[in-house]
Every structure is written in structure tokens, then in C-alpha cells.
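**Student:**
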Amino acid sequence: MPPKKRRSSDKHATKDPRRRILNAASKVFSEDGFAGARVDRIAERAGVNKAMLYYHVGDKEALYEAVLVHNFTLLTGAMEGARISEKGAEQQLASVLGALVETLHQIPDHPRLMVRELAAGAADLPAPVVEQMARVFKTVRTVLEDGRREGVFRDVNPLLTHLAIVGSTVFLIASGPIRQRFNEVLGVIDQSDLEDEALGGRIADLILNGIRKTDE
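Numbers 0 to 215, taken from numbering that gives the first Met the number 0, label the letters of the sequence shown in order.
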């Protein structure tokens with residue numbers, strides 16, 4: 000869960016009509032997908048009329064782009080900042096993944112929204128959003144390149160590694176409801192280590208060390 004100190008900034012943001020509209024659009028797009036989302040429902044959820052919505056943001060395409068660009072701007076800023084804050088590649092990877100997890104918790108609609116978009120074939124992704132997504136990939140690729148130069152990472156396909164790391168993290172966070180359903184079938188499963196602040200480090204450890212047991 001996000002730290003409590005973020006709540007005051009979120010509350011303040013809702014006083015801004017544009018921010019309120021984008022928050023509402025994010026929820027509706029995550030629930031209904033781009034095709035199913037209706038502008039009048041977004042306006043009603045934001046507490047504004049459609050004229051005000053169009054004035055502050057634009058039509059449905061503009062809303063969708065604004066939501067995703069906002070989300071990815073937060074992600075790229077946090078991940079790039081985390082990378083440059085560490086010297087060694089292994090520490091960079093853990094820090095970058097920690098920033099990814101923390102930021103996704105700040106924008107909880109985003110994982111579900113992206114799962115919907117990918118399931119739809121990414122047909123509605125605007126070019127500026129794809130450019131922001133590429134920045135996320137570049138951050139991961141840079142960490143891998145640093146690690147290879149340092150001699151701590153082997154040569155791996157950067158896109159495959161990026162999708163394995165970032166894609167699985169997004170899916171993991173989006174899978175909360177189905178993970179809870181597992182309890183109905185398998186009994187109560189301890190999922191506490193999938194929800195706390197150390198999740199990014201656990202993912203990094205799994206990527207770095209895998210599951211094979213080695214002799215010490």
C-alpha cells in the first residue's frame with residue numbers, strides 16, 4: 000500500500016478539474032477498456048459536465064492518451080531516477096524494480112488498464128505512449144548493459160528480459176482479484192510477500208539468482 004503521506008497530495012489533486020477528470024478516466028478505462036468506455040460516464044464520475052471535460056482534456060482519444068502519458072511519465076521518471084541513484088548494476092536493478100512497484104501502487108488502475116490494452120492487441124495505443132513505454136525499456140536495457148560491462152550479468156536479450164521483468168510485475172499487481180480466488184480453491188495462501196514494499200527486491204533476486212539451488 001502507498002505510504003499515508005501520499006494521500007494529502009492525492010486529495011489536493013482532486014481539486015484540479017483536469018486531474019479529477021484524468022483520475023475518473025483512468026478508472027473507467029481500466030474497468031471498461033478503451034472501446035467500452037463512455038465519455039459521459041467519465042464526466043459523471045469526475046463530477047463535471049461533458050463540456051468541461053472536453054475543455055480541460057478533449058475527446059475520448061485525448062483522454063486515453065493523457066491518462067497513459069501521465070502514468071508512463073511517472074514510471075519513467077521514477078525508474079530512471081532509481082537507476083542513476085545506484086552505482087552497481089545489481090543494485091540498480093533492485094532499485095529500478097522497487098521504483099516500478101512503488102509507482103504502480105500510486106497508479107493502481109494502470110496495471111489493469113495495460114492488461115486490457117495488450118489483450119486488445121495494443122490497437123489503441125497512441126504514439127506518444129509507445130515512446131514513453133520505450134523509455135521504460137531503455138532504462139532496463141541500460142542496467143543490463145552496465146551489468147555486462149561490470150562482468151556481473153551475462154549477455155541476454157534485453158527485450159526478452161524487459162518483458163519478463165516489467166511485464167510479469169504489471170501482471171502480478173493486476174492479478175490481485177484472481178490471487179484471492181486461489182484461496183477459495185487451494186485454501187489460504189500467504190501472499191504477504193507479494194504486497195509489501197520489498198516486492199521489487201524479491202523480483203530482482205529471482206531474476207538474478209533464479210530458482211536453481213547452487214552449492215555454497
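Ideal Cβ positions, reconstructed from N, Cα and C, are used throughout, including at glycine.
For my contact list, Asp145 and Tyr63 are in at a C-beta cut-off of 8 Å; report their separation, rounded to the angstrom.
**Tutor:** Contact flag wrong, Cβ pair sits at about 35 Å.
**Student:** Would you check if the distance between the CB atom of Ser25 and the CB atom of Asp108 is smaller than 8 Å?
**Tutor:** yes
**Student:** Three-state secondary structure (DSSP) at Lys14?
**Tutor:** Note: Lys14 maps to coil in three-state DSSP.
**Student:** Is Val68 near Pro127, with beta carbons less than 8 Å apart?
**Tutor:** Their beta carbons are under 8 Å apart, which means Val68 touches Pro127 by this criterion.
**Student:** At the level of alpha carbons, what is the spacing between Gln90 and Thr160?
**Tutor:** Pairing Gln90 with Thr160, the inter-Cα distance amounts to about 17 Å.
**Student:** Using C-beta distances below 7 Å, list every residue in its chain close to Phe28, excluding the 5 sequence neighbours before and after it, in chain order.
**Tutor:** Cβ-Cβ distances below 7 Å link Phe28 to Ala36, Tyr63, Val66 and Leu112 in the same chain, with the five nearest sequence neighbours on each side left out; the list follows chain order.
**Student:** Go through the stretch 33 to 105 residue by residue and report every complete run of the alpha helix (DSSP H) that reaches 4 residues or more, in order.
**Tutor:** 38 to 45, 49 to 55, 59 to 83 and 88 to 105
**Student:** Indicate whether Pro157 and Leu171 have their beta-carbon atoms separated by less than 8 Å.
**Tutor:** no
**Student:** What residue range does the alpha helix (DSSP H) around Ala133 cover?
**Tutor:** Taken as a continuous stretch (DSSP letters only), the alpha helix (DSSP H) holding Ala133 covers Ala126 to Glu149.
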